[in-house]
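Here is the structure we will look at, set down as structure tokens.
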Amino acid sequence: MIRLGTRRSALATAQSTLVADELRALGHEVELVLITTTGDVNRAPVEQIGGTGIFVSALRDALLADEIDIAVHSLKDLPTAPVDGLVIGAIPLREDPRDVLIARDGLTLGELPRGSVIGTGAARRVAQIDALGLGVECTGVRGNVDTRISLVTDGKVDAVIVARAGVSRLGRLSEVTETLDPIQMLPAPGQGALAIECRSDNTEVLAALAHLEDPATRAAVTAERQLLATLEAGCTAPVGALAEVVEGEDGPELWLRGALGQEDGVRRLSANGSVDDPESVGKALAHELLEQT
Ligand SMILES: NCc1[nH]cc(CCC(=O)O)c1CC(=O)O
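In this text, residue positions in the sequence shown follow the working numbering: the first is 1, and each later residue adds one.
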């Protein structure tokens, strides 16, 4: 029996059920264990209650206390610092990593009238929207994906920007009015990917998780997260990153794009390197982004 710890939100349970079903298809018995995290209980802005990690520490505590065997996280919510005794046992093939706009009346970003209000408090999204000079305004919002979409249907804001993967896992893709091009809106490092965490000495679970691993996704998100770590930033920082494995002349190559919000605007750069050394690609791009200051 594999005990899978999950948060209660609709997105967390959808993601956990996806993973549970894949493990069951491999012949394992899986039980879902519901865990409440600080991020779920406290409705204050994420930045005020400690930022990085508020959604994951309770799951990690349950893993270390041997109350659960695996925890399914949205990789973008997982702090980059490793935890003693825990390891990311699998990173499955990721969903579409892009952000989407959900706007009233089917509007796209370019069609939003000047003065429109977009509900998003994420520094990364605000910096990239501001850089487009559209004359729209961003306002902070909290709550899960369903709550955010309701703000548009209730007329509280003209639009919201959310991760496409979350909308997809909740079965609400029909409400998307525009999928944002990463040329304008680079997603958060790790967006759209899941991380399945377990105890590092749990060889049985690690063997089971190995079947869910997608090496290209692991390489891409490792580069993205290394960029974030080298910039010494967390999930609330104005940092966008997106890596892809592409077929080059001499075999597969890793391409990483990065965006860093600064007072004078958003810096964007890209770098490439070996699929076998994603950390170096992430580090190099971080240093280049910082040198531009
Ligand atoms: N920050 C909350 C969060 N964590 C993961 C997702 C979506 C799913 C994913 O990116 O894997 C979301 C919602 C959002 O940012 O719109």
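Beta carbons: idealized from backbone N, C-alpha and C, even for Gly. All of these numbers come straight from a predicted model, not from anything done at the bench.
Distance cut-off 7 Å: residue i Cβ against heavy atoms of ligand 1
| i | result |
| --- | --- |
| L256 | no |
| A193 | yes |
| G166 | yes |
| L228 | no |
| R76 | According to the sequence provided, residue 76 is Lys. The question's Arg does not apply to it. Yes, since a heavy atom of ligand 1 falls inside the 7 Å radius drawn around the Cβ of K76. |
| A163 | yes |
| V152 | no |
| L316 | Only positions 1 to 293 of the chain appear in the structure, and residue 316 is not among them; the question remains open. |
| V145 | yes |
Rounded separation between residue i and residue j - CA only
| i | j | result |
| --- | --- | --- |
| C341 | L63 | Because the chain here runs from 1 to 293, residue 341 falls outside it and cannot be looked at. |
| E31 | A25 | 14 Å |
| L180 | G119 | 15 Å |
| S9 | E249 | 45 Å |
| V56 | A271 | 31 Å |
| P278 | S74 | 20 Å |
| I35 | L101 | 30 Å |
| E291 | L269 | 11 Å |
| S116 | S280 | 41 Å |
| G265 | P187 | 17 Å |
| L285 | E178 | 29 Å |
| E137 | L256 | 29 Å |
| E253 | G282 | 13 Å |
Contact under 8 Å by Cβ, residue i with residue j
| i | j | result |
| --- | --- | --- |
| V205 | D61 | no |
| A220 | A243 | yes |
| V176 | V167 | yes |
| I91 | T217 | yes |
| R164 | R98 | yes |
| A14 | R169 | yes |
| L86 | S200 | yes |
| R94 | A193 | yes |
| T80 | I54 | no |
| E22 | L212 | yes |
| L365 | L112 | With the chain running from 1 to 293 in the structure shown, residue 365 is simply not present. |
| Q128 | Q191 | no |
| P189 | A122 | no |
Sheet register partners of residue i (DSSP bridge)
| i | result |
| --- | --- |
| D30 | Rather than Asp, the amino acid found at residue 30 in this sequence is Val. DSSP output for V30 lists I2 as bridge partner(s). |
| Q262 | G265 |
| V87 | C198 |
| L93 | Paired residues: none, contrary to the question. |
| G56 | The sequence given here has Val at residue 56, not Gly. BP columns for V56 are empty, so no partner. |
| S16 | Looking at the DSSP assignment, S16 forms no beta bridge with any residue, so it has no partner. |
Coil, strand or helix - residue i by DSSP
| i | result |
| --- | --- |
| A229 | helix |
| L112 | coil |
| I183 | coil |
| D21 | helix |
| R142 | coil |
| V167 | helix |
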